[in-house]
Amino acid sequence: MAVVPRVDDHLFYRDLRRPLREIVRGEGVYLYDTEGRRYLDGCAGSLAANIGHGNRRVAEVLRRQAERVAFTHLSRFTNGPAIELADWIAERAPGDLSRVYFVSGGSEATETALKLARQYFVDRDGPETPRWKVIARRSSYHGNTLGALSMTGHRARRSPYEPLLNAFPHAAPAYCYRCPFGLEPSSCRLRCATDVEETLLREGPETVAAVIAEPVVGAAAGALVPPDGYWQRLREICDRYGVLLIADEVMTGFGRTGRLFAVEHWNVVPDLLVLAKGMSAGYTPIGAVVAREPVWATLRDRSGRFVHGHTYGANPLSCAASLEVQRILEEEGLVERAEAMGRVLLGLLRERLGSHPLVGDVRGLGLMVGVELVADRVTREPFPSSWGVASRAGLAAERRGLVVYPGSGAHEGRGDHVLIGPPFIIDATQVEELADLLEESLNDLA
Ligand code: PLP
């Protein structure tokens, strides 16, 4: 049914020149706009809406919780949904990751991890400790607030704000299609992991608090899957120099890569696990940092305080929705489904786009797939930035009724990709529909 679109005079968005369509309804993997046009949500918003749109169970839980109590402040009270959700996460997180601190989203969560890492060393070694730096990687995204952006390696997101950012060092990414060292994964001996160690040594290990990385890089570069052994090496390096390892699983956490947490692919236990997006599958704003027992115990035993907090931390509504989402994920076997459908999707996209003139690489893990667009498939030359190929691909897809997540600037400020990551409830026919629509959209550009 068509609905008259509202006049949009006062809101502004990232793109200040392009009006956006208004979505009035979501159901399963589809979204509907005011003109009744249907879109297959091929990227679950921003790889967040993992259980799909319009879930009645979550809606009902939200209604009941809102009637009971919608808001309490964490400085004075706790609440049932927060306690139950923390238990749920602690029981399922790897190793002794068992102490959960709730915030409102991904950037708040990475900022929280940064402050936790710093405070851990202040509490352990005293206020004069020189450990404050966080080593991140180029071609990474850790959020838009200033601490998170300081860790982010993606140039375009940083550049206008450089004077406001902290000078955190950035090591080479694990970007096999464009290996920063010109090596092949079969014989590289994880040179990019060695670069993390070299960066750490250059900075002086005694000044470093943590290493942060996304298990599979998402928004900044389009599903960069590291070689096997990479995460184990990061763990070894951090252990060798007494540095905390932070896994930013804002995008990968809660099943996106076919494991509940992506670090489980490599049996690695980070010291801090950062979560958001799939935590509530988009139904409410929420994020968290999960700390290993000794990190939390150091704060408790020394200063006894974490000097941090946000108004909506551990919000009862957000926690209740998140808990219901997690129950649904488990009861309906959606993580296993993400793994199975991810294989189908990756296979199909490789088959359809493997020799497409605009496509250089199709990669991914679980239901997180990146399609890198290139001007020349042989030399891997990216398109000129001014062409905005990824945005154009996104618009072409939208015209055909498919939503994808375009990105650019992964490769030293250049390069284009689209990120695909539909809700886990997608079925094989809908995966086929997604592949058809994406191929047709890229044909529109060729
Ligand atoms: N970290 C990662 C890995 C992300 O993918 C994102 C968002 O895309 C963030 C942090 C920031 O999360 P938010 O947009 O919820 O602030």
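Residues in the sequence shown are numbered from -9 upward in steps of one, following my numbering.
By construction, the Cβ of each residue, glycine as well, lies at the ideal position given by its N, Cα and C atoms.
- Burial check for Asn156: the Cβ neighbour count within 10 Å stays below 16, so the residue is exposed.
- DSSP places Val285 in the helix class (H, G or I) of the three-state scheme.
- At least one heavy atom of ligand 1 lies closer than 8 Å to the C-beta of His132.
- Under DSSP, Ala203 shares a beta bridge with Ala237.
- Counting only the Cα atoms, Arg333 lies some 11 Å from Arg340.
- A contact is defined here as three or more CB-CB pairs under 8 Å, and the stretch 259 to 275 meets this definition with respect to the stretch 92 to 107.
- Look at Ala311 here: in three-state DSSP terms it is helix.
- Your pair Ala387 and Val379 does not check out as a contact, with CB atoms roughly 12 Å apart and the cut at 8 Å.
- Cβ neighbours of Arg282 within its own chain (closer than 6 Å, five residues either side excluded): Asp86, Leu87, Asp261.
- Boundaries for Gly35: no beta strand (DSSP E) harbours it, while the alpha helix (DSSP H) harbouring it runs 34 to 37, taken from the DSSP string.
- Annotation for Ser88: the continuous beta strand (DSSP E) segment containing it runs 87 to 93.
- Shortest Cα-Cα distance from Leu106 to any of Val259, Gly294, Gly70 involves Gly294.
- Taking a cut-off of 8 Å on C-beta distances, the stretch 222 to 237 touches the stretch 195 to 212, as three or more cross pairs fall below it.
- Using a 10 angstroms sphere on the CB of Gly384, the tally of other CB atoms reaches 16 or more, which defines it as buried.
- In this structure, the straight-line span from the alpha carbon of Arg66 to that of Val297 is close to 15 Å.
- Its Cα nearest to that of Leu428, the residue Tyr29 stands out among Glu188, Tyr29, Ala330.
- Of the residues assessed, Ala436 falls on the exposed side of the cut-off, its CB having fewer than 16 other CB atoms within 10 angstroms.
- By the criterion of a C-beta distance shorter than 8 Å, Ser381 is surrounded in its chain by Pro396, Ser398, once the five residues flanking it on both sides are discounted.
- With a threshold of 16 other beta carbon atoms within 10 Å, Thr142 meets it and is buried.
- Listed in chain order, the beta strand (DSSP E) elements of length 3 or more contained wholly in the stretch -7 to 76 are 13 to 17, 20 to 23, 28 to 31.
- If you look at Asp115, you'll find it isn't in any beta strand (DSSP E); it sits in the alpha helix (DSSP H) that goes 96 to 115.
- Relative to ligand 1, the beta carbon of Gly208 is positioned inside 8 Å of a heavy atom.
- Separation of Gly350 and Phe158 (C-alpha to C-alpha, rounded to the nearest whole angstrom) is 31 Å.
- Residue burial annotation: Ala400 is buried, with at least 16 other C-beta atoms found within 10 angstroms of its C-beta.
- Using a C-beta cut-off of 8 Å, the stretch 8 to 19 makes contact with the stretch 415 to 425, since at least three inter-stretch Cβ pairs fall below that distance.
- Under the three-state reduction of DSSP, Tyr220 is assigned to helix.
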